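A short write-up of the structure that comes next.
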Amino acid sequence: MGFSSTGQLTVLSREIIAQSSRSDFTVKVWQVADGTLVHSWRVPRDLFPSALSPDGQMAAFSSCSRKEVGAVSECIQSKIKIWRIADGRKMRTIWQDGELRAMAFSSNGQWLAVSYCEKLGSPLICVERAIGMWDLRNGQKIRTLPGYSSWQTLAFSPDDRWLASAGCTQGQGCTQDEGCCFTFSPDGQLMASGGAGEIKLWRVSDGQLLHTYRGHRRALKGLSFSPDGELLASAGEDGIAVWKVLR
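Numbering (the numbering used here), first residue to last: 510 to 756.
Spelled out as structure tokens, the structure:
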């Protein structure tokens with residue numbers, strides 16, 4: 510996974526990659542083997558956030574309906590569109606009150622978790638977030654979970670038994686770079702979290718911290734386990750590193 514100032518490049522599988530760009534407001538999907546452009550979508554200028562299903566079959570893009578309150582623009586409702594990547598067909602539209610901060614597909618592709626602002630303070634700063642769980646088979650919201658007051662990231666475990674979230678509680682004053690990303694190992698037994706130049710490896714069953722990796726000097730942007738779970742790759746503003754997983 511690589512990042513740039515204008516968009517995001519995401520490896521969906523060995524066959525497909527996708528890129529979202531804020532410079533021309535498009536999302537493009539290519540075949541890796543021959544560079545064939547599979548699909549291209551025009552997206553709203555305020556596209557944020559987006560998510561891709563683990564199997565590379567679906568993509569979710571969100572946009573925001575805003576209301577001017579004095580000199581401040583408030584997001585009052587978010588629209589999420591679910592697309593099938595194979596043929597570019599729109600599968601479903603979901604409406605969620607409040608501004609979104611993160612989305613994540615379940616491993617089986619049946620659910621979508623979204624982090625959204627549930628309560629605004631003054632001046633129009635989100636003081637309470639929640640996590641909504643949506644069933645993509647019927648478009649119904651099935652559960653609401655407590656969230657954090659500021660930024661938030663989400664990830665399902667490979668077996669969909671767990672939904673992990675990271676963020677700041679009110680008054681902590683931390684930044685997204687301090688907990689930007691996390692990922693589960695392929696067997697779901699371990700979780701790696703990264704931020705502020707450190708990567709921590711946790712055991713999911715009891716929350717035990719197993720190891721701390723240090724090496725990045727600038728902010729981390731992504732983490733990924735190898736398919737066999739033996740290696741962990743970390744991408745940061747200062748480059749990419751590969752670590753041996755110490756169990």
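We put the beta carbon where it would ideally sit given N, CA and C, even for glycine. Note that the structure is predicted; figures quoted are calculated from it, not measured.
Item                                                                                                                            : Value
Pair within 8 Å by beta-carbon distance, G703 and P667                                                                          : no
Span separating the alpha-carbon of W752 from that of L718                                                                      : 16 Å
Nearest to A568 (by Cα), restricted to the options G656, A611 and I594                                                          : I594
Euclidean distance between Cα positions of I640 and S574                                                                        : 19 Å
Any non-hydrogen atom of the ligand NAP within 7 Å of K709 CB                                                                   : Within the structure as shown, the ligand NAP is missing, as the structure has no ligands at all.
Status (buried if at least 16 other CB within 10 Å, exposed otherwise) for R638                                                 : buried
Endpoints, the beta strand (DSSP E) within which Q649 is located                                                                : Q649 to P655
Inter-residue CB distance, L732 and I708 (contact presumed, cutoff 8 Å)                                                         : 7 Å
Residues of its chain near C584, where Cβ-Cβ distance is below 6 Å and the 5 sequence neighbours each way are ignored           : C573, R575 and E608
DSSP bridge partner residues for D669 (one or two, in chain order)                                                              : The partner list for D669 (beta bridge, DSSP) is empty, contrary to what the question assumes.
Selected residue, minimal CA-CA separation from G706, among G745, A611, S587 and R712                                           : G745
Own chain, CB closer than 8 Å to M612, minus 5 neighbours either side, in chain order                                           : P558, S559, A560, A569, S571, I589, L621, A622, V623, S624 and L663
Contacts around S562, its chain only, beta-carbon distance under 6 Å, and the 5 residues preceding and following it disregarded : F614 and G618
Neighbour-count burial assignment, I603, 16 or more Cβ in a 10 Å radius                                                         : buried
Strand pairing of D606, partner residues [DSSP]                                                                                 : Q586
Rounded separation between L755 and Q586 - CA only                                                                              : 44 Å
Member of S549, D737 and L729 whose CA lies at the smallest distance from the CA of C690                                        : L729
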